[in-house]
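Numbering (the numbering used here), first residue to last: 580 to 747. Input: a single structure, listed below in structure tokens.
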């Protein structure tokens, strides 16, 4: 297995510009806890918050740029095309396996690198250019990325199921 160092900005398009639908499901920073979307609300474009700018597509990664140590990030895998996220998230449309990249971005070592580039103390934040400049190590072959991403995702799902199990 051959691995290489790549800048995050080479692995996907950041904050792609899209036309926001007239009505949509809005996802703000409070709507994602950990890796789970816990809520969203219906909005009209004309009355929506000005931060409602990031139209989601299947496989997009939404990375919380404020207080990134919370790891409130989301991998969009819904079939719906009417979800719009806050500009408080950096949107990444990967050109590599999205599950692998998302798992990599959830690692403590990646978050530490992000925190080292943040500004502010009460609400540390990273800008998109600094995020895109972070180097990551990844397999060259897409099938290997897919296998690793799937394995990590399956483990996460198992852990989540066990945490939800009622104790007898």
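The beta carbon of each residue, even a glycine, is placed where N, CA and C say it ideally should be. Quantities reported herein were computed from a predicted structural model and do not represent experimental measurements.
Backbone CA spacing between residue i and residue j [nearest angstrom]
| i | j | result |
| --- | --- | --- |
| residue 618 | residue 603 | 13 Å |
| residue 718 | residue 640 | 19 Å |
| residue 658 | residue 672 | 15 Å |
| residue 665 | residue 674 | 22 Å |
| residue 637 | residue 582 | 26 Å |
| residue 698 | residue 707 | 12 Å |
| residue 627 | residue 609 | 16 Å |
| residue 616 | residue 680 | 19 Å |
| residue 592 | residue 649 | 23 Å |
Option nearest residue i by Cα separation, candidates the options
| i | options | result |
| --- | --- | --- |
| residue 620 | 703, 646, 581, 605 | 605 |
| residue 684 | 631, 608, 628, 714 | 714 |
| residue 651 | 674, 597, 690 | 690 |
| residue 663 | 716, 674, 623, 680 | 623 |
| residue 667 | 687, 655, 629 | 629 |
| residue 594 | 679, 701, 681, 669 | 669 |
Burial state of residue i (16 or more Cβ within 10 Å)
| i | result |
| --- | --- |
| residue 590 | buried |
| residue 676 | buried |
| residue 644 | buried |
| residue 716 | exposed |
| residue 700 | exposed |
Other residues of its chain near residue i: CB distance less than 8 Å, five sequence neighbours each side excluded
| i | result |
| --- | --- |
| residue 612 | 651 |
| residue 693 | 647, 705, 710, 713 |
Sequence-distant residues of its chain with Cβ nearer than 7 Å to residue i (five each side left out)
| i | result |
| --- | --- |
| residue 634 | 597, 599, 663 |
CB contact below 8 Å: residue i versus chain D
| i | result |
| --- | --- |
| residue 695 | Looking for chain D here will not work: only one protein chain is present. |
Cβ distance (whole Å) where residue i is taken to contact residue j below 8 Å
| i | j | result |
| --- | --- | --- |
| residue 653 | residue 614 | 7 Å |
6 Å CB neighbourhood of residue i in its chain, flanking five on each side removed
| i | result |
| --- | --- |
| residue 607 | 665 |
| residue 696 | 705, 709 |
| residue 588 | 711 |
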